[in-house]
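A.B. asks: Quick note: the sequence shown uses this note's numbering, first residue 112, plus one each step.
We treat Cβ as the ideally placed atom computed from N, Cα and C, and that holds for glycine.
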Amino acid sequence: MWPMNEFYIKGFSEAAKERKIEVQNLLFPLTVELSAAETEILTPHLERLQHLGLELETFGKNEFLLRSVPAILKNIDNEKNTSRYHRASSKRRS
112 MWPMNEFYIK
122 GFSEAAKERK
132 IEVQNLLFPL
142 TVELSAAETE
152 ILTPHLERLQ
162 HLGLELETFG
172 KNEFLLRSVP
182 AILKNIDNEK
192 NTSRYHRASS
202 KRRS
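This is how it looks when you write it as structure tokens:
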């Protein structure tokens, strides 16, 4: 694993244990579209994800709005990562 990833994971894990995760609100929420199966898996965990700094709001049948991310991820291109996820997810479904 890349050393910087270990640094982030360790810091995030400690913050999660103490429930002191800093949150970065997104200026413009990102729309995340999932399959019905993925929505079924995700929905029961929305509250837990919010405690981890990921605020997802239901927005339609299989869509969610991503409103915030853990501040430790604030410099990551969320839109780019969301697009990567969709491409990978599409390949798995094919």
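Helix, strand or coil for residue 138 per DSSP?
C.D. replies: Of the three classes helix, strand and coil, the one that applies to residue 138 here is strand, per DSSP.
A.B. asks: My guess is that residue 182 and residue 134 are in contact by the Cβ rule of under 8 Å, so how many angstroms apart are they, rounded?
C.D. replies: Between residue 134 and residue 182 the Cβ distance is about 6 Å, and since that is below 8 Å, they are a contact.
A.B. asks: Give the straight-line distance between the Cα atoms of residue 153 and residue 179, rounded to the nearest whole angstrom.
C.D. replies: Each residue's alpha carbon lies about 16 Å from the other.
A.B. asks: Is residue 173 near residue 141, with beta carbons less than 8 Å apart?
C.D. replies: Going by C-beta atoms, residue 173 is not nearer than 8 Å to residue 141.
A.B. asks: Between the beta-carbon of residue 177 and the beta-carbon of residue 138, is there less than 8 Å?
C.D. replies: Not a contact, by the Cβ cut-off of 8 Å.
A.B. asks: Rounded to whole angstroms, what's the CA-CA distance from residue 162 to residue 149? Just pull it up for me.
C.D. replies: Taking the straight line joining both Cα atoms gives about 20 Å.
A.B. asks: Bridge partners for residue 175 per DSSP, in chain order?
C.D. replies: Bridge partners of residue 175: 143 and 169.
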